[in-house]
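Numbering-wise, full-length UniProt numbering puts 112 at position 112 of the sequence shown, and it's gapless, one number per residue. Below you'll find the structure, written out as structure tokens, and then a few comments.
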Amino acid sequence: MIKMTIQKLLHDMQMSRYRLSKISGIPWATLADIYSGKTHLHRCGAGTLSKLSKTLGLSIEELLALETEPEKNTAAGQPNIKTYLETGLSESVQKAIKDYLQGEKAQVLYLDCLWNELYGAINADLWAGLITEEQASYLRAKYLGTEGKEDGSDD
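See below:
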């Protein structure tokens with residue numbers, strides 16, 4: 001029998017740790033420690049467990065049965081695989097990504113418009129606090145090729 005991990009649960013729920021923090025009211029640092037295995041759920045206070053169980057739709061017993069899997073990290077302590085940054089995205093960003101990728105594949109003449117739509121959707125969610133700066137930068141770099149650029153210009 002395969003044990004359910006907190007990482008798999010969040011992935012299945014399409015929820016990022018950032019979003020879990022926002023919804024549950026649990027500080028990001030606390031969730032990061034739980035997610036990484038630095039802090040085990042059995043060592044968490046009743047308030048944290050209650051907020052987590054409510055937000056994740058699990059009983060306290062089910063929550064305590066979750067395991068953590070160690071992340072494969074870079075030298076800087078960041079996970080090597082960044083796909084977790086694509087979880088919990090708003091419908092507008094998901095639609096903009098889908099439209100942009102389809103436009104790229106079909107080599108449409110209005111690809112610049114789709115590029116701008118995606119760039120704008122990412123920024124709108126960033127400004128609304130729905131995604132982090134790290135997520136926004138990751139999405140821009142992955143889909144728009146704007147690593148470190150503040151705008152879409154080619155200078």
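Positions of the beta carbon are idealized from the N, C-alpha and C atoms, including for glycine.
Residue i versus residue j - alpha carbon distance
{"i": "Asp-125", "j": "Leu-118", "result": "11 Å"}
{"i": "Glu-134", "j": "Arg-140", "result": "10 Å"}
{"i": "Ala-65", "j": "Thr-5", "result": "9 Å"}
{"i": "Ala-128", "j": "Leu-89", "result": "12 Å"}
{"i": "Gly-116", "j": "Ala-106", "result": "Looking at the sequence itself, residue 116 is Asn, so the reference to Gly does not match. Those two C-alpha atoms are separated by around 17 Å."}
{"i": "Leu-109", "j": "Thr-48", "result": "51 Å"}
Within 9 Å, strictly: CB atoms of residue i and residue j
{"i": "Ile-122", "j": "Ala-96", "result": "yes"}
{"i": "Leu-56", "j": "Leu-41", "result": "no"}
Where the alpha helix (DSSP H) through residue i begins and ends
{"i": "Ala-65", "result": "60 to 65"}
{"i": "Gln-102", "result": "91 to 106"}
{"i": "Glu-86", "result": "Looking at the DSSP string, Glu-86 is not in any alpha helix (DSSP H), and its letter there is neither H nor E."}
Proximal residues to residue i (C-beta, below 7 Å), its chain only, five neighbours per side dropped
{"i": "Ala-32", "result": "Arg-17"}
{"i": "Leu-114", "result": "Asp-99, Tyr-100, Gly-103"}
{"i": "Gly-148", "result": "Any answer about Gly-148 is weak, because its pLDDT of 45 lies below 50 and its placement is not dependable; what the coordinates show is given next. Nothing listed; no residue qualifies."}
Own chain, CB closer than 6 Å to residue i, minus 5 neighbours either side, in chain order
{"i": "Ser-92", "result": "Ala-121"}
{"i": "Ser-21", "result": "Trp-28, Leu-31"}
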